[in-house]
DNA sequence: GTGAAAGCGCTAACAT
DNA sequence: ATGTTAGCGCTTTCAC
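Chains as they are written, first to last, in this note's numbering: chain A, -3 to 343; chain B, -3 to 343.
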C-alpha cells in the first residue's frame, strides 16, 4: 500500500495532525519539525490522498465539464481553456460528452455529482427548460453554462457566451452590406441547440432591418462532414438559389463549400458563404472562410473562473454583473463572402 | 448536507450495511426491503458518494488522461474516444493538457495520482527516456501511451498507435510513385514529439529504398497556424525547391499550403503536399489534403480498454499481444499530391 | 507548537 | 437476509 499520512507521522516521530498542518498551513509548524517531516515525506514518496481529504473536507477541488462533442473544435478549445484556468487555480477537471443527446445530459451530470465535483460547466441543448439544470439548482450545485445564452426570463442561471443573436445579426448585416439580398440560413437542428435558434433570430432581425424577405432556413441533420443532400436541388437552380449562405457554424459552412464545389458552383463568385464560430482552420482555407469569431478558449476560461468564484463564495456572492457574461465576438472577413454580382445571363 | 447512506438506512429502518448491499449486489437483499429502501432513496434524493466508496475500496473507477493540447483535433478525437469507451465501462475521465511542455507532464501526473486515478493514458514528448513513465512504473500505476510508439528496447511499456515509421514510409512511397524525387520533410520540433522523429525515419527509409537523396528536414517551431517563415526563401527559389512536401502532421500541411499560396505557388501544380493525421477537415479543403489517416478515436478507445484490462487484472495479465497495439493506418489520396511534372522553363 | 480523538461516507468481514 | 463494527486517509476541534 502507498504510504499514508500515518506512516509519515510515525516515521517522523510526530502526530498525524502535525503532518496535516504542515501540508495545509505550513506556518503553524516549527521549522525543525517541518524540516524533519519534509525529509520523511521525500524518503517515503508520500503523496497526499485527495480522496481522504475530500471526504473530510466535503469538497473536491474538481469541476465537471459536459459538452456535446469534441469533434467540433469549438468545444475542444473551450475545454482547453477551462482546463488551463482550472490548473492555475489548483482545480482538476472531470470531462464527459453527450454526443448531442439531451437525454444523456442528466446521466452525465449524475455521474459527476456522485464524484462530488464542486461545480459543473456545461453546454446544453436547450438552456430554457432543462431538467438537468433544475437538478443542479435543486441540489444547490454551482454551475455555469458555456455557449448557451439565456433569454431574459431565465433568472439566476449563469452563462458565458457571445451574444448569438447580435452576432448573427452582424454577420448577416455584413452580407447585406456586400449587396446580397437573397440570403439563406443553413442551420444545424434547432432542437439540438438553442444557439442555432438564437442565431436564426439574428438572421431574421437583420433581414427585417434591411427590409429584405427572409428565406426559410435549411435545417440539416448534423454538421456531419458528409454532403447534406437536402439542399442540393435548391442550389442547383440558379433561379431560386440564394446569393449568400449564412451557416450556423463553421463545420457546416465548410461542408457547404465542399458541396457547392461538387455542384460546380464557385465560392464566392457564384455564391457567398459565411460561417459562425471562427475556427482556426477556416483561415487556412482557400478562400478564407468569413465567419463570426467566438473566443472559445476565453469562454472556457471565464466560465471556469466564474464557477470557481461561485464555489468559493458558497454559491452566493455572484454579482449580478457576473451572471450573464457576454463576451465580444468579431467578424472575420474572408474571401468566401464577396460583393454581390448579378449572375451572368445563361445562354 | 446531502443525504448519506446513513439517513437512508435509518429512514428505511434498516442498517447501513443493507443499503450498501442493495447498491452493490442487489441479489443479496430481500425483495421487500429492497423495495422499501429504493423508496427512501428516491424520496431523499440520495446519491452514493464516490468519495467514501473510493476511500474505502482503494480505487476510484477514474482514469487520468494527459495530452499535449486539444488544439490539435487529433488529440481531441482521441480524448473523445477515451471518454466514450470509459463511459461504457462505467469509468470517469479526469483530463489535463501539457501544452507540449515536457516538464509539465510530471506535475500533471502527480495531480492525477493525488486524486487516486486507477490508471493513466498519456501522450508524452519522448516515450524512450521519460521520468514520468518511470514514476508511474515505480508507483505501479497502470498506464497506456497513446500515439507514442515504443522502440523495441522499451519492454513492458504499453502503447497504442499506428506504425509511424511504416506509415510515413508509405506516404513518401506514394509521393515517389507519383514521380517525385525531390521530396522534403516539414516537421514539428523533434524534441517535442518522438512521433515526428519516427516519421522522419520512415521518410529516410522510403527515400533510400528508392535510391533517392533525402533532403534535410525543415523543423518548424510549432504547428502554429501562422506562417513559418523559415522555409519561405527556400521555396521561393524554383531551383532548390522540392517538388513535394511531406509534413509530419496535417496542421502543418495546411499551414504550408496557405504559405505556398501566399508565395504564389499552386498546389499541386507547382508543389505537392502530403500530411499526416488524416484530420476530417482535410477532406473539406480544396484541394483535398493527401494524408496518412490515423484512427484517432479508435486509438483512444483501444487505449482505454487496454488500460481498464490492466487495472482490473491488477496490472498483471496483459498478454504480450496487448502490450504493443499497432492500429492500421491508411493513405488518403487527395488532390494536394499529384503526379510530378517538370517545371515549365522560365522565360 | 503539538497531540488525541472524532468523524466525513462507505464497504467488508464477521456475527446472528 | 440482516446487523455490528472496524477502518480507508484525512482535517479539525479541543486540549495541553
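For glycine and all other residues, C-beta sits at the position ideal for the given N, C-alpha and C. Just so it is clear, the structure is predicted and the values come from calculations on it, not from any experiment.
Chain-order list of chain B residues neighbouring residue 112/A: 45, 46 and 47, by C-beta distance under 7 Å.
The DSSP-derived three-state label of residue 272/B is strand. Between residue 108/A and residue 75/B, the C-beta gap is not smaller than 7 Å, which leaves the two residues out of contact. The count of Cβ pairs closer than 8 Å, one atom from the stretch 256 to 266 of chain B and one from the stretch 141 to 158 of chain B, stays below three, leaving the stretches out of contact. About 5 Å separates the CB atoms of residue 79/A and residue 89/A; that is less than 8 Å, so the two are in contact.
Around the CB of residue 24/A, fewer than 16 other CB atoms lie within 10 Å, so the residue is classed as exposed. Taking CB atoms only, residue 268/B has no neighbour in chain A less than 7 Å away. Within chain A, the residues whose beta carbon sits less than 7 Å from that of residue 91/B are 79, 89 and 91, listed in sequence order.
Contiguous beta strand (DSSP E) elements confined to the stretch 276 to 314 of chain B occur at 286 to 289, taking only those with 3 or more residues.
Closer than 8 Å at the C-beta level to chain A, one finds these residues of the stretch 276 to 299 of chain B: 276, 277, 279, 280, 281 and 282. The count of Cβ pairs closer than 8 Å, one atom from the stretch 179 to 194 of chain B and one from the stretch 113 to 123 of chain B, reaches three, so the stretches are in contact. The alpha-carbon of residue 37/B is positioned some 41 Å away from that of residue 41/A.
Looking at the backbone, the Cα of residue 267/B and that of residue 273/B are separated by about 20 Å.
Inter-residue distance for residue 123/B and residue 100/B is about 15 Å (C-alpha atoms, whole angstroms). Cβ proximity to chain A below 9 Å picks out nothing from the stretch 168 to 188 of chain B.
Using a C-beta cut-off of 8 Å, the stretch 202 to 211 of chain B makes no contact with the stretch 123 to 143 of chain B, since fewer than three inter-stretch Cβ pairs fall below that distance. Taking the beta carbon of residue 106/A as reference, the chain B residues within 9 Å of it are 43, listed in sequence order. Close partners of residue 251/B in chain A (Cβ separation under 8 Å): 280.
Distance from the Cα of residue 162/A is smallest, within the candidate group 35/A, 91/A, 196/A and 142/A, for 196/A.
Taking every protein chain shown into account, the CB of residue 236/A has fewer than 16 other CB atoms within 10 angstroms, so this residue is exposed. A check of alpha carbon separations from residue 178/A across 26/A, 281/A, 208/A and 139/A identifies 208/A as the nearest. In chain B, no part has a C-beta under 8 Å from the C-beta of residue 331/A; the shortest such distance is about 11 Å. For residue 262/B, no Cβ of chain A is located within less than 7 Å of the residue's own Cβ. Contact check between the stretch 268 to 288 of chain B and the stretch 324 to 332 of chain B: three or more CB pairs, one atom from each, fall below 8 Å, which counts as touching. In this structure residue 1/B does not touch residue 10/B by the C-beta definition: roughly 10 Å separates them, more than the 8 Å allowed.
In the structure shown, the three-state DSSP call for residue 47/B is helix. When DSSP assignments are scanned along the stretch 31 to 93 of chain A, the uninterrupted stretches of alpha helix (DSSP H) that are 4 or more residues long and fall wholly within it turn out to be 46 to 53 and 69 to 84.
Between the C-alpha atoms of residue 307/A and residue 114/A there is a straight-line separation of about 7 Å.
Listed as beta-bridge partners of residue 242/B by DSSP are 181/B and 270/B. In the DSSP assignment, residue 139/B falls within the beta strand (DSSP E) that extends over 139 to 142.
The Cβ of residue 126/B sits no closer than 7 Å to any Cβ of chain A. Between residue 21/A and residue 105/B, the alpha-carbon positions lie close to 24 Å from each other.
Counting C-beta atoms within 10 angstroms of its own C-beta, residue 8/B has 16 or more neighbours from the protein chains shown and is therefore classed as buried.
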